[in-house]
Amino acid sequence: MVRPIIKDVLLLGRRAEAAVEADLPVVQDLMDTLRAHTGHCVGLAANMIGVNKRIIVVDGGGVPFPMLNPVIRKRMGEPYEAEEGCLSHSGTRRTLRYPSIEVEFQNLSLQTCRQRYSGFLAQIIQHELDHCEGVLI
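The sequence shown: position 90 = 90 (my numbering), numbered continuously.
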């Protein structure tokens with residue numbers, strides 16, 4: 001189900017709680033909402049649709065994939081300045097991002113995975129993980 005995007009900074013400023021098996025239906029809502037914003041959105045965090053859980057969905061080049069309880073375990077390279085937009089606010093803002101990251105997360109089977117990401121995909125994941133921490137960029 002496509003959900004409305006939350007813009008309330010008080011709700012978005014809360015740190016997300018760990019996702020559990022009962023939260024798996026949220027993934028489909030995130031996927032549907034991301035598809036509804038194709039062309040101007042490449043990732044969503046659950047709090048952006050009003051669910052305060054540590055779940056993100058990232059569009060990895062036309063194939064969106066979810067991550068439950070993602071945590072950056074390693075940051076690699078010199079941070080660079082990026083200018084990012086967000087559906088939760090208007091305009092763009094500057095922030096620092098790492099060119100490569102290693103992320104530990106759970107897949108839809110709740111199996112723990114560890115994966116390295118670089119470039120724009122790493123930037124998207126870092127942005128969505130900021131949402132999970134209650135940081136609005």
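Quick reminder that beta carbons are idealized off the backbone N, C-alpha and C, glycines included.
- Taking the CA atoms as reference points, GLY62 sits about 14 Å from THR33.
- Where MET31 is concerned, the enclosing alpha helix (DSSP H) starts and stops at 24-36.
- Annotation for VAL71: the continuous beta strand (DSSP E) segment containing it runs 64-76.
- If you ignore the 5 residues before and after GLY50, its C-beta comes within less than 6 Å of the C-beta of ILE6, all in its own chain and listed in chain order.
- In this structure, DSSP gives CYS86 an extended state, which the three-state scheme calls strand.
- CA-CA distance, GLN28 to CYS113, rounds to 20 Å.
- In this structure ALA16 is in contact with ASN52, their Cβ atoms being roughly 5 Å apart against a cut-off of 8 Å.
- TYR98 and GLN123 have their C-alpha atoms spaced approximately 7 Å apart.
- Here the alpha carbons of ASP59 and LYS74 stand approximately 21 Å from one another.
- Assignment of ILE55 by DSSP, reduced to helix, strand and coil, places it in the strand class.
- According to the DSSP assignment, GLU128 belongs to no beta strand (DSSP E) but to the alpha helix (DSSP H) extending over 119-132.
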